[in-house]
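Engineer: The following block contains the structure, expressed as structure tokens.
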Amino acid sequence: MDMTGAGDRALLDVLCQTADAVWEIDLPRQTVQVWQELDERQKPCVQLPLEQALQRAESRVSPVDRPRWRAVWTQIRDREDPATGGGAELHFLRGTAQCGGTVQWRRCAEGHVWLTARCRAPEADSRLEDEWLCHHFGAMPLPAGVVKVLFDREGQPADLLFCRVNLALCQLLGQKETRQLEHRPLLEVLPEADLLWLRMCHRANTTKRPQHSVRYSQLLHRYLEIWTYPLDGERCGCVLQDVTREVEQEGQLKESWQRQALLLKNTTDAVFQYDLARRTLFMSEGAAQWCRPLPTVPDMPWGLLERGMIQQAGAEALRQVIGHLEAGGESAGCDILARLAPDETFGWYNVTFWRYRDRNSGSWQVMGSFKNIHQEVLRREQLERAAAQDPLTGVYNVATGRRLVKQQLKQHPGGNGRYNALFIIDLDDFKGINDSCGHHTGDAVLQEFVCALQRAFRSGDIVYRLGGDEFAAFIGDLQRPYRVVDRVSRRLLNDLSREDRCGVPVRASIGVFIGGGPLTYEQYYKNADRALYVAKERGKNRVVVVEDNLF
């Protein structure tokens, strides 16, 4: 059915002569009369349903421009749009080729729209494409250009000629407009320019391979990253980037790593990473350069135990530390006996783990360290012993002795056939030795007396000095307390019977309390002290044992 009226035929003739495709769209009837088509193989002068015609038209538009075509059609379909016409730049498909062009539309009679498409000639389209590329090349934020290598009379590369540059390259080289660089040699624009750029372009052309370099420009006072790549044998493409900030940040980061490495080298013996999922200890790349190497150890911590690097107690301690990390703890550590090489002796190490989240992957990572603290532990133990010992005799002082006895009473309070015994031992007539022989001799007598105490008591018994010439000893968890007390007392008194200083015999009185129930340290002490008092009253140089609690 012919939708054109007599008044429209003249317009139709004009459109068919000036356009490559002509459509008459009847919006109320949802039909399209195709008067002329882009693809000459398609039969014109046919009437199609609107949707079919639209699909057919969209297939003739380049895929990248189809969203723009849909926007045009939305305008045409919208009857409330007051616009009487419009258009858009599109790329059309003509067979296997692609060409640029325009699509235009105009409303006429009620509900009728004329739609035309025009394709540009290939030369015009190519020129517009070049203009489009030049526009976008000039607007690139990255400095770029095309240069030509100029040679001297000897055939050596001597300069660069700027063929095409963008604004970013001009600004990088201190120029305001592209015309200040294009078709001018580099050394004319920048007489003191570094010729590295020239050599890179020449090398790219001769090797037919891209070249890359990062170099500090003394002229521009910047670090430049330069890429050059061959184009046609004479000209060379170049891309430059100001990487001053990145290079400086990388240098600062490198210095920071060097400082951290130096710090760790002087404070840590070995640094490792730990895989929580695989329970594997391993060293990070490069860590062995500044700290002691460690093997990869699976099945932690038992893998360290199997390799002989730690002992059983250390494995148990590390198991608790790793369990804390697996439960979500951020850091944990322990002091264990370890060795980092098979030929070393065991020493004290502090092993510390830190858990952190990787910024790139978002996963939890763990790193840790071994730090040799053997000398520190020895010094600490020495200080603890010094603080716990009587300086003259070397046995525990009264504060330490009292604390240790109280701990024993908590662990073994007695009862059910188990007993504890507290001895209080006092040298008889010690004042006479001091008065007759002097305090120096008195101190020697006290030291010899302590030797006798240590021979009489076991190494696990608690022997301590109460003060002056008075000492105490505690034996815990006994089954036959009287037999033990009798044996120890006889051994001590017999040992002392052979001692004599300045004609004054060295003798001692002993008071012992045997407890078989939950009593306090003070009760033990008062009962033993009461027994000592009785021994003194009975003539000294003897032992008195009490069992009944009097306090």
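Here the working numbering is used: the first residue of the sequence shown is 110, the next is one more, and so on. All C-beta atoms in this analysis are idealised placements derived from N, C-alpha and C, irrespective of residue type, glycine included. Since we're looking at a predicted model, the values are computed, not measured.
#1: Counting pairs of Cβ atoms below 8 Å between the segment 470 to 482 and the segment 376 to 393, do you hit three or more?
#2: Within a Cβ cutoff of 7 Å, which residues of the same chain sit near Asp657, ignoring the five residues on either side of it in sequence?
#3: Quick check on Glu355: buried or exposed, where buried means 16 or more other Cβ atoms within 10 Å of its Cβ?
#4: In terms of residue numbering, what span does the alpha helix (DSSP H) encompassing Lys645 cover?
#5: Give me, in chain order, the residues of the same chain whose beta-carbon lies closer than 7 Å to that of Asp537; leave out the 5 immediate sequence neighbours on both sides.
#6: Figure out for me which residue from Asp444, Ile134 and Ile419 has the closest Cα to the Cα of Glu453.
#7: Measure the C-alpha to C-alpha separation of Gly620 and Leu434 and round it to an integer number of angstroms.
#8: Taking only the alpha-carbon atoms, compute the straight-line gap between Gln151 and Ala248 and give it to the nearest angstrom.
#9: Spell out a yes or no on whether the segment 253 to 260 and the segment 297 to 305 are touching, meaning 3 or more CB-CB pairs, one atom from each, closer than 8 Å.
#10: Please return the same chain residues whose Cβ sits closer than 7 Å to the Cβ of Trp223, not counting the five positions on each side in sequence.
#11: DSSP state of Arg150, grouped into three classes?
#12: Quick check on DSSP: helix, strand or coil for Val654?
#13: Measuring only the C-alpha atoms, how far is Leu121 from Arg165?
#14: Between Asp174, Trp182, Ser171 and Arg175, which lies nearest to Leu159 when the distance is taken from Cα to Cα?
#15: Does the Cβ of Pro402 have 16 or more other Cβ atoms within 10 Å, making it buried, or fewer, making it exposed?
#16: Taking the continuous beta strand (DSSP E) assigned at Pro158, which residues delimit it?
#17: Using a Cβ-Cβ cut-off of 7 Å (strictly less than) and excluding sequence neighbours within five positions of Met309, which residues of its own chain qualify?
#18: Could you please give the first and the last residue of the uninterrupted alpha helix (DSSP H) stretch that includes Asp661?
#19: Leaving out five residues on either side along the sequence, give the residues of the same chain with a beta carbon under 6 Å from the beta carbon of His200.
#20: Can you look up Leu304 in the DSSP assignment and give me helix, strand or coil?
#21: Give me, in chain order, the residues of the same chain whose beta-carbon lies closer than 8 Å to that of Arg527; leave out the 5 immediate sequence neighbours on both sides.
#22: Under the three-state reduction of DSSP, which class applies to Thr287: helix, strand or coil?
#23: Who does Leu446 pair with in a DSSP beta bridge?
#24: At which residue ranges does the segment 458 to 508 contain complete beta strand (DSSP E) runs of 3 or more residues, listed in the order of the chain?
#25: Which residues bound the beta strand (DSSP E) around Phe391?
#26: Return helix, strand or coil for Leu333, following the three-state DSSP convention.
#27: Any chance the segment 460 to 479 sits against the segment 491 to 509, with 3 or more Cβ pairs inside 8 Å?
#28: Would you please state the rounded distance, in angstroms, between the beta carbons of Val352 and Tyr332? I believe it to be under 8 Å.
#29: With a threshold of 6 Å on Cβ separation, who are the neighbours of Lys515 within its own chain once the five nearest residues in sequence on each side are excluded?
#30: Ser326 lies in the alpha helix (DSSP H); which residues open and close that run?
#31: Determine the direct distance from the alpha carbon of Leu328 to that of Thr211, and round the result to whole angstroms.
#32: Which first and last residues belong to the beta strand (DSSP E) in which Cys347 is found?
#33: What number of angstroms, rounded off, separates the C-alpha of Val654 from the C-alpha of Val486?
#34: Going by C-alpha distance, which of Asp187, Arg186 and Arg177 is nearest Ala197?
#35: Hey, Pro266 and Leu202: beta-carbon distance below 8 Å or not?
#36: Below 8 Å between beta carbons: does that hold for Asp129 and Arg227?
Structural biologist: To lay it out plainly:
#1: yes
#2: As a position in the sequence shown, residue 657 is number 548, starting the count at 1. Nothing listed; no residue qualifies.
#3: Within the sequence shown, numbered from 1, the residue matching residue 355 stands at position 246. Flag for Glu355 reads exposed.
#4: Translated into the one-based positions of the sequence shown, residue 645 becomes position 536. That run of the alpha helix (DSSP H) goes Tyr630 to Glu646.
#5: The residue given as residue 537 occupies position 428 in the sequence shown. So the list reads Arg616, Ala617, Ser618, Lys649 and Asn650, once near-sequence residues are dropped.
#6: As a working mapping, residue 453 is identified with position 344 in the sequence shown. Nearest option by C-alpha distance: Ile419.
#7: Walking along the sequence shown from the start, residue 620 turns up at place 511. Walking along the sequence shown from the start, residue 434 turns up at place 325. Answer to the nearest angstrom: the Cα atoms are 54 Å apart.
#8: Taking the first residue of the sequence shown as 1, we reach residue 151 at position 42. Taking the first residue of the sequence shown as 1, we reach residue 248 at position 139. Note that Gln151 scores 49 on pLDDT, short of 50, meaning its location in the model is unreliable; the coordinates nonetheless yield the value given after this. Those two C-alpha atoms are separated by around 42 Å.
#9: no
#10: Counting from 1 along the sequence shown, the entry for residue 223 is found at position 114. Within the same chain, Trp223 has close Cβ partners Leu124, Glu133, Trp214, Arg215 and Cys217.
#11: In the sequence shown, counting from the first residue as 1, residue 150 sits at position 41. Residue placement at Arg150 is poorly supported in this model, since its pLDDT is 49, which falls under 50; the coordinates are not used for a value here.
#12: In the sequence shown, residue 654 corresponds to position 545, counting from 1. It is a strand residue.
#13: Position 12 of the sequence shown, counting from 1, holds the residue named residue 121. Position 56 of the sequence shown, counting from 1, holds the residue named residue 165. C-alpha separation (whole angstroms): 21 Å.
#14: The residue labelled residue 159 in the question sits at position 50 within the sequence shown. Taking only the C-alpha atoms, the option nearest Leu159 is Trp182.
#15: Within the sequence shown, the letter at position 293 stands for residue 402. Its Cβ having fewer than 16 others within 10 Å, Pro402 is exposed.
#16: Start at 1 with the first residue of the sequence shown, and residue 158 comes out as number 49. Run containing Pro158: Val155 to Pro158, per the beta strand (DSSP E) assignment.
#17: In the sequence shown, residue 309 corresponds to position 200, counting from 1. Gln320, Ser322, Ile335 and Thr337.
#18: There is no way to answer for residue 661, as the model of the chain reaches only from 110 to 660.
#19: Sequence index remark: in the sequence shown, residue 200 carries index 91 (1-based). Ser171, Asp174, Gln207 and Gly209.
#20: Numbered from 1 along the sequence shown, position 195 holds the residue referred to as residue 304. Three-state DSSP puts Leu304 in coil, outside helix and strand.
#21: Taking the sequence shown and counting its residues from 1, the one referred to as residue 527 is at position 418. The residues are His521, Asp586, Leu587, Gln588 and Gly625.
#22: To locate residue 287, count along the sequence shown from 1; it is residue 178. Of the three classes helix, strand and coil, the one that applies to Thr287 here is helix, per DSSP.
#23: Against the sequence shown, residue 446 aligns to sequence position 337. Partner(s): Trp457.
#24: 473 to 481
#25: Position 282 of the sequence shown, counted from the first residue, corresponds to residue 391. Counting along the chain, the beta strand (DSSP E) containing Phe391 begins and ends at Thr389 to Phe391.
#26: Here residue 333 refers to the residue found at position 224 of the sequence shown. Of the three classes helix, strand and coil, the one that applies to Leu333 here is strand, per DSSP.
#27: no
#28: Indexing the sequence shown from 1 puts residue 352 at position 243. Indexing the sequence shown from 1 puts residue 332 at position 223. Yes, they are in contact, since the Cβ atoms of Val352 and Tyr332 sit about 5 Å apart, within 8 Å.
#29: In the sequence shown, counting from the first residue as 1, residue 515 sits at position 406. These residues qualify, in order along the chain: Tyr630.
#30: Locating residue 326 in the sequence shown gives position 217, counting from the first residue. Note, Ser326: premise wrong, no alpha helix (DSSP H); beta strand (DSSP E) at Gln320 to Ser326.
#31: Counting from 1 along the sequence shown, the entry for residue 211 is found at position 102. Counting from 1 along the sequence shown, the entry for residue 328 is found at position 219. About 50 Å.
#32: One-based indexing of the sequence shown puts residue 347 at position 238. Taken as a continuous stretch (DSSP letters only), the beta strand (DSSP E) holding Cys347 covers Arg344 to Asp351.
#33: Taking the first residue of the sequence shown as 1, we reach residue 654 at position 545. Taking the first residue of the sequence shown as 1, we reach residue 486 at position 377. Going by the C-alpha atoms only, they are around 42 Å apart.
#34: One-based indexing of the sequence shown puts residue 197 at position 88. Answer by Cα proximity: Arg177.
#35: Stepping through the sequence shown from its first residue, residue 266 is reached at position 157. Stepping through the sequence shown from its first residue, residue 202 is reached at position 93. Their beta carbons are not under 8 Å apart, which means Pro266 does not touch Leu202 by this criterion.
#36: The sequence position of residue 129 within the sequence shown is 20, counting from 1. The sequence position of residue 227 within the sequence shown is 118, counting from 1. For Asp129 and Arg227, yes; Cβs fall inside 8 Å.
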